[in-house]
Amino acid sequence: MNCKGIIRELTDYLDGELPLAIKAELEQHLIGCDDCRIVVDSTRKTIEIFCRCEPVPLPEDVRSRLHSVLRRHLGKATN
Amino acid sequence: MVNRDCGSIFGPITWNRTHGRRCVDRTRQHFVSAPETKPRESTIVREDESALVAAAKSGNIEAFEELVSRYESKIFRLAMNITRNREDAEDAMQDAFLKSYSHLKNFQGDSRFYTWLVRITVNEALMRLRKRRPNQVSLDEPVETGDDLMPREIEDWGPSPEQRYAQRELGTILSEVIEGLEPDYRTVFVLRDIEELSTEETANLLGISVPAVKSRLLRARLKLRDRLNKYFRKGEPN
């Protein structure tokens, strides 16, 4: 497998969806190719950083409007 | 008047996420510095969710409001990530919660309530995105060959590069970087990597093929990697 092949298979590799034979071939390439190893590692970190980031609390004005709409539609008296 | 001053919608980094399960699979592969990932929610929380859903189904409005309070921040972030427009995101969120309440009796409980809510929100958000930008959400595209995707800037990030930034600063960086993605790529990335929908589920929701989902996800991941490189490359000062 060459460097273009690594990029082509990158998503399936990171998601653990590559067939074993292709995965082995890809990892064999990574052993000898620093550039591909860095791309794989930094792409994985990109996903993880987004994946781990919690949302900020809902802005108070947005939250207030949401609950007001819900109370109105769910038939509950406004507090 | 559209309010584009969205601010950051990404907050603190946490390891306690259900996402951790899939991340663990990723990190088990070679060449990976594995972080300690733990499931975000316990069985107790899931049972609690089931009890709240059951109570809401039987007409308990307080139980439904508890579900709303529990997920409102995540649902707003999801809608913002798809629409990148605060007004549309707020409308999508409100309609998603209202629709989930009015269709609650149809919810069979074969998936988590949150997953069901995500699907409703995605539909609401996509509807608004397509209305506002009808020419920017395409249906399909050829599978990548890898020829035009080779990254140009290749620099080691070192372990835990995000720790070089304060939480607020990191949230701003992530919001800016994801906002710069084309809607097609951003939506797939959000559904697959942040909300953890399967490739097939993402394809169904977006009305595109599985190869198109994979193709867009690859491009999205590489583009985000490329844009984060200047912040996270080793030795980059704060």
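Protein sequence lines correspond, in order, to chains A and B. Residues 75 to 153 (this note's numbering) are what the first sequence spells out, left to right. Residues 6 to 243 (this note's numbering) are what the second sequence spells out, left to right. All C-beta atoms in this analysis are idealised placements derived from N, C-alpha and C, irrespective of residue type, glycine included. Bear in mind that the values here come from a model prediction, so they are computed numbers and not experimental data.
Is the distance from the Cβ of residue i to the Cβ of residue j below 8 Å?
i	j	result
Pro164 of chain B	Val113 of chain A	no
Glu70 of chain B	Leu140 of chain A	no
Phe124 of chain A	Leu223 of chain B	no
Glu77 of chain B	Arg137 of chain A	yes
Pro129 of chain A	Gly16 of chain B	yes
Glu206 of chain B	Val215 of chain B	no
Arg137 of chain B	Asp93 of chain B	yes
Ala147 of chain A	Leu72 of chain B	Residue identity check: residue 147 of chain A is His in the sequence provided, not Ala. Going by C-beta atoms, His147 of chain A is not nearer than 8 Å to Leu72 of chain B.
Arg226 of chain B	Thr117 of chain A	yes
Thr120 of chain A	Arg173 of chain B	no
Arg82 of chain B	Ile14 of chain B	yes
Leu94 of chain A	Ile80 of chain A	no
Could you list which residues in chain A have their beta carbon closer than 8 Å to that of residue i, in chain order?
i	result
Ile199 of chain B	Phe124, Cys125
Leu179 of chain B	Ile123, Phe124, Cys127
To which residues does DSSP link residue i through a beta bridge?
i	result
Phe15 of chain B	A:Pro129
Residues of chain B with CB under 7 Å from residue i, in chain order?
i	result
Pro131 of chain A	Ser78
Within the 8 Å Cβ cut-off, does residue i reach chain B?
i	result
Cys77 of chain A	yes
Ile96 of chain A	no
Ser116 of chain A	yes
Under a CB-based cut-off of 8 Å, is residue i close to chain A?
i	result
Met132 of chain B	no
Val37 of chain B	Bear in mind that a pLDDT of 32 at Val37 of chain B, under 50, signals an unreliable position, so the number given afterwards is only what the model happens to contain. Answer yes: the Cβ-Cβ gap between Val37 of chain B and chain A drops below 8 Å somewhere.
Arg230 of chain B	yes
Trp162 of chain B	yes
Arg191 of chain B	no
Asn234 of chain B	yes
Arg26 of chain B	With a pLDDT of only 39 at Arg26 of chain B, under the threshold of 50, the placement of this residue in the model should not be trusted; the figure read from the coordinates follows. False, the Cβ-Cβ gap to chain A never drops below 8 Å.
Leu57 of chain B	no
Could you tell me which chain B residues have their CB closer than 9 Å to the CB of residue i, listed as they occur along the chain?
i	result
Leu144 of chain A	Ile66, Phe69, Glu70, Val73, Gln99, Phe102, Leu103, Tyr106
Under 9 Å between beta-carbons, which chain A residues line up against residue i? List them in chain order, please.
i	result
Gly176 of chain B	Cys127, Val130
Any C-beta of chain A within less than 7 Å: which residues of the segment 195-226 of chain B qualify? Asp198, Ile199, Lys219, Leu222, Leu223, Arg226
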